[in-house]
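> Here's a structure for you.
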Amino acid sequence: MAKRESTFGNMLLALTVVTLISSASLGFVYELTKGPIAAAKLAKKNEALQSVLPEFNNHPVEEVYKKAVDGDTLYFFPARRDSQLVGTAVETFSPKGFGGTIRLMVGFLPDGTINNVAVLEHKETPGLGDKMDRKKSDWSVQFEGKNPKNFKLAVKKDGGDVQAITASTISSRAFCDAVERAYNSLMKGGQQ
Amino acid sequence: MNQWNNFSKGIFKENAVFVQVLGMCPTLGVTTSAYNGLGMGLATTFVLLMSNIVVSMVKGFIPDKVRIPAYIVIIASFVTIVELIMQAFVPVLFDELGLFIPLIVVNCLVLGRSEAFASKNNVLSSAVDGLGMGLGFTLALFMLGSIRELLGSGAWLGIKFIHGDGMLLFILAPGAFIALAYLIAIMNRVNRRNA
Amino acid sequence: MEYIIIFISAIFVNNIVLAKFLGICPFIGVSSRLETSVGMTGAVAFVMVIATIVTYLIQYYILKPLSIGFMQTITFILVIAALVQLVEIILKKVSPALYQALGIYLPLITTNCAVLGVAILTIQNGYNLPEAAVFSFATAIGFGLALVLLSSMRESLDLVDIPKGMKGIPVAFIIAGILSMAFMGFAGLV
Chain S
1 MAKRESTFGN MLLALTVVTL ISSASLGFVY ELTKGPIAAA KLAKKNEALQ
51 SVLPEFNNHP VEEVYKKAVD GDTLYFFPAR RDSQLVGTAV ETFSPKGFGG
101 TIRLMVGFLP DGTINNVAVL EHKETPGLGD KMDRKKSDWS VQFEGKNPKN
151 FKLAVKKDGG DVQAITASTI SSRAFCDAVE RAYNSLMKGG QQ
Chain G
1 MNQWNNFSKG IFKENAVFVQ VLGMCPTLGV TTSAYNGLGM GLATTFVLLM
51 SNIVVSMVKG FIPDKVRIPA YIVIIASFVT IVELIMQAFV PVLFDELGLF
101 IPLIVVNCLV LGRSEAFASK NNVLSSAVDG LGMGLGFTLA LFMLGSIREL
151 LGSGAWLGIK FIHGDGMLLF ILAPGAFIAL AYLIAIMNRV NRRNA
Chain B
1 MEYIIIFISA IFVNNIVLAK FLGICPFIGV SSRLETSVGM TGAVAFVMVI
51 ATIVTYLIQY YILKPLSIGF MQTITFILVI AALVQLVEII LKKVSPALYQ
101 ALGIYLPLIT TNCAVLGVAI LTIQNGYNLP EAAVFSFATA IGFGLALVLL
151 SSMRESLDLV DIPKGMKGIP VAFIIAGILS MAFMGFAGLV
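Chains as they are written, first to last, in our numbering: chain S, 1 to 192; chain G, 1 to 195; chain B, 1 to 190.
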């Protein structure tokens, strides 16, 4: 097949056809994967909820309510067992992470005690700051069963009660910051 | 050229990372573990294979002056397809690789093969070339990831060999540069001896 | 205050080359001479700031309202490629002197992943428009800083006797590794 001449018409035609075909196929793949992507996101959220909350039998994702704090949004997921509130999970954030914003899911019992914490999203250094993730290390176990009323959410260096991750004080501070933000807004009338 | 040579040149003689020093950003950025290196390599291989095939199919239709933008559109489409598929079926890996998935589009290796090979050869040769180059790239990323994971966290493919931490330096940014420097130096030596 | 933090962090703490691994190809490719590094930096800064602002507008005024976010990669790269061409043409007409200085680097910028990387990072970090402009400019400075540091060291390396296998690219990577280690010291800065 001979190369086509680079006339204006030919160039326009070729680019239009290529762009049309590619956007059509992209749209097709997007439609195809839309369902699975949404399902994967929901599964991730449900998994996080289950790991941070006591046993529940409602659908916290359907009862979610939100509150704008510090230029971002906190999401509250109330968990009930037989319509009795057993805890609230708060999807919280901190912009102070070493590699950018971190997002956590913090599960609180009705009295404000931390039940468990799961990391949703972070860009911390692999091997150092990423130890906040339970998949990488047991560091975040120290938060379990603590009530921020008498457990100061700050690293020991800053006069708090949290043992920082070795060589990752910044990541640890961000983690505390996120948990504290969740606790404060939950206590300030965030609980429903 | 017979197809076997065509395939194997991408893995050894013209290896994208060790010999041509192309696609350095993902090579350094995502190789904190062997698994991530493998995932990134395979994603790139897919894009390379598909874009090589399509470019060699449409090469007669595209006028010379607009071939680069046309190739970029083709490559970007396949990158987006990979993005969507990974998001749907391997969301954890997608989160780990993050920014580097859309950046496959500016991996000089991909555009380089379209321009230098697929635009001049038939579909079969181009497919073989893309596959070879992609697997060579994957191999390099997997090796670098393995070295960094072994030295940095004392593990391989997530299996721990030692208690506690390894030499953290290798997981961090400086270790990426240094490990790659030695790998290239070793490959230089091996290639020179074979030549 | 916000802007100063973005500025410092993009140059030192999250240096685009040494911490984020973007733009490595030109970092290694053109860093053997100091003069070319300076030229490349100028061209990158120019394109990066314009591209970030344009892609920002496209993201928030076209892609988002139409909810076709999945077209992000393809749109951004096309915009960058077109911009590079446009900048080249305009520069040639308006300022031949500047074109002389930056011209040969411009075509290389389309495949500089730092430019696309910054455009995407701006969206991911949720910056507003002035923040995006500051961020992209600071990132370009950070890129330039790393490039100038490396090239000045590589120039002196010409006089040193290095083992044969390490010559050229491997030793450049070793220096980059040491530089990156030095930059980690900035971590506590912000």
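Quick reminder that beta carbons are idealized off the backbone N, C-alpha and C, glycines included.
#1: Could you name the residues of chain S that G:S77 contacts, counting a contact when the two beta carbons are closer than 7 Å?
#2: S:Y30 versus chain B: which residues are under 7 Å apart at the beta carbon?
#3: Under the criterion of a Cβ to heavy atom distance below 7 Å, does S:K123 qualify as lining the ligand GTP?
#4: Compare the beta carbon distance of G:V82 and G:F46 with 8 Å and say whether it is the shorter of the two.
#5: Shorter than 8 Å from the beta carbon of B:N128 to some beta carbon of chain S?
#6: Considering only C-alpha positions, which residue in the set G:T80, G:I186, G:V30 is nearest to G:S51?
#7: At which residues does the beta strand (DSSP E) containing S:N116 begin and terminate?
#8: Using DSSP with H/G/I as helix, E/B as strand and the rest coil, what is S:M105?
#9: So S:P95 is in the beta strand (DSSP E); what residue range does that whole segment cover?
#10: Specify whether the segment 168-177 of chain G and the segment 161-177 of chain B touch according to this definition: at least 3 beta carbon pairs, one from each stretch, less than 8 Å apart.
#11: Could you tell me the distance, in whole angstroms, from the CA atom of B:L147 to the CA atom of B:Y60?
#12: Answer with yes or no whether the minimum CB distance from S:T19 to chain G is below 8 Å.
#13: Express the C-alpha separation of G:N2 and G:S56 in angstroms, rounding to a whole number.
#14: On a CA-only basis, which of S:G112, S:R173, S:V61 is nearest S:L49? Give me that one, please.
#15: By Cβ distance, which residues of its chain are closer than 7 Å to G:F170, with the 5 residues on each side in sequence left out?
#16: Considering Cα atoms alone, identify which of G:L135, G:G37, G:N122, G:G145 is closest to G:K59.
#17: Near B:F186, which residues of its chain fall below 7 Å by C-beta distance, leaving aside the five closest residues on each side in sequence?
#18: For G:L124 versus G:G39, is the C-beta spacing smaller than 8 Å?
#19: In whole angstroms, give me the CA-to-CA distance for G:I94 and B:A43.
#20: How long is the line joining the alpha carbons of B:I78 and G:N107, rounded to whole angstroms?
#21: Whose C-beta lies closer than 8 Å to the C-beta of G:L109 among residues of the same chain, with five residues either side of it excluded?
#22: Does DSSP classify G:L144 as helix, strand or coil?
#23: From the beta carbon of B:N15, is the nearest beta carbon of chain S less than 8 Å away?
#24: Please classify G:A155: does DSSP put it in a helix, a strand, or coil?
#25: Would you say B:S136 lies against chain S (beta-carbon separation less than 8 Å)?
#26: Count the other C-beta atoms from every protein chain shown that fall within 10 angstroms of the C-beta of S:K123, then say buried if there are 16 or more, exposed otherwise.
#27: Nearest by alpha-carbon distance to G:V26: which of B:K20, B:I28, B:L63 is it?
#28: Give the secondary structure of S:A79 by DSSP, where H, G and I count as helix, E and B as strand, and everything else as coil.
#29: Less than 8 Å between CB atoms is the rule here; does B:N125 satisfy it with respect to chain S?
#30: So what does DSSP say about B:L34, is it helix, strand or coil?
Reading it off the structure:
#1: Within the second sequence, residue 77 of chain G is the residue found at index 77, counting from 1. Simply S22, S25, L26.
#2: Walking along the first sequence from the start, residue 30 of chain S turns up at place 30. Neighbours of S:Y30 on chain B, chain order: F70.
#3: The ligand GTP is not part of the structure shown, which contains no ligands of any sort.
#4: As a first step, residue 82 of chain G must be located in the second sequence, where it is residue number 82. As a first step, residue 46 of chain G must be located in the second sequence, where it is residue number 46. Yes.
#5: As a first step, residue 128 of chain B is located in the third sequence; it is residue number 128 there, counting from the start. Chain S, which has no Cβ nearer than 8 Å to the Cβ of B:N128, makes this no.
#6: On the second sequence, position 51 is the one that residue 51 of chain G refers to. With distances taken between Cα atoms, G:S51 lies closest to G:T80.
#7: Locating residue 116 of chain S in the first sequence gives position 116, where the first residue counts as 1. 114-121 is the span of the beta strand (DSSP E), which, as asked, contains S:N116.
#8: Residue mapping note: residue 105 of chain S aligns to position 105 of the first sequence, counting from 1. Here S:M105 sits in strand by DSSP.
#9: As a first step, residue 95 of chain S must be located in the first sequence, where it is residue number 95. First-last of the beta strand (DSSP E) with S:P95: 84-97.
#10: yes
#11: Counting from one through the third sequence, the residue named residue 147 of chain B turns up at place 147. Counting from one through the third sequence, the residue named residue 60 of chain B turns up at place 60. Answer to the nearest angstrom: the Cα atoms are 32 Å apart.
#12: In the first sequence, the residue the question calls residue 19 of chain S occupies position 19. Yes, S:T19 lies at the interface with chain G (some Cβ there is under 8 Å from its Cβ).
#13: If you number the second sequence from 1, residue 56 of chain G lands on position 56. If you number the second sequence from 1, residue 2 of chain G lands on position 2. Roughly 18 Å between the two C-alpha positions.
#14: For the purposes of this step, residue 49 of chain S is taken as the residue at position 49 of the first sequence. When only C-alpha atoms are compared, the closest one is S:V61.
#15: Along the second sequence, one-based indexing puts residue 170 of chain G at 170. Only R148, L151, G152, A179 meet the Cβ criterion.
#16: Working through the second sequence from its first residue, we reach residue 59 of chain G at position 59. Per the Cα distances, G:N122.
#17: Position 186 of the third sequence holds residue 186 of chain B. The residues are F12, V13.
#18: Looking up residue 124 of chain G in the second sequence gives position 124. Looking up residue 39 of chain G in the second sequence gives position 39. The answer is no: Cβ separation not under 8 Å.
#19: Numbered from 1 along the second sequence, position 94 holds the residue referred to as residue 94 of chain G. Numbered from 1 along the third sequence, position 43 holds the residue referred to as residue 43 of chain B. Looking at the sequence shown, residue 94 of chain G is not Ile but Phe. Using only the alpha carbons, I get a separation of about 32 Å.
#20: Locating residue 78 of chain B in the third sequence gives position 78, where the first residue counts as 1. Locating residue 107 of chain G in the second sequence gives position 107, where the first residue counts as 1. Looking at the sequence shown, residue 78 of chain B is not Ile but Leu. Approximately 15 Å, taken between the alpha carbons.
#21: Translated into positions along the second sequence, residue 109 of chain G becomes position 109. Cβ within range, chain order: A16, Q20, L22, G23, T44, L48, M133, F137.
#22: One-based indexing of the second sequence puts residue 144 of chain G at position 144. Helix, per DSSP.
#23: The sequence position of residue 15 of chain B within the third sequence is 15, counting from 1. It does not: the Cβ of B:N15 has no partner Cβ on chain S nearer than 8 Å.
#24: Taking the second sequence and counting its residues from 1, the one referred to as residue 155 of chain G is at position 155. If DSSP states are grouped into helix, strand and coil, G:A155 belongs with the strands.
#25: On the third sequence, residue 136 of chain B is found 136 positions in, with the first residue counted as 1. No, because no Cβ of chain S sits closer than 8 Å to the Cβ of B:S136.
#26: As a working note, residue 123 of chain S is residue 123 in the first sequence. With 16 or more other Cβ atoms within 10 Å, it is buried.
#27: Residue mapping note: residue 26 of chain G aligns to position 26 of the second sequence, counting from 1. Note that residue 26 of chain G corresponds to Pro in the displayed sequence, not to Val. It is B:K20.
#28: By 1-based counting over the first sequence, the position of residue 79 of chain S is 79. In this structure, S:A79 counts as strand in the three-state DSSP scheme.
#29: In the third sequence, the residue the question calls residue 125 of chain B occupies position 125. Yes, its Cβ sits closer than 8 Å to a Cβ of chain S.
#30: For this step, residue 34 of chain B is matched to residue 34 along the third sequence. Correct three-state label for B:L34: helix.
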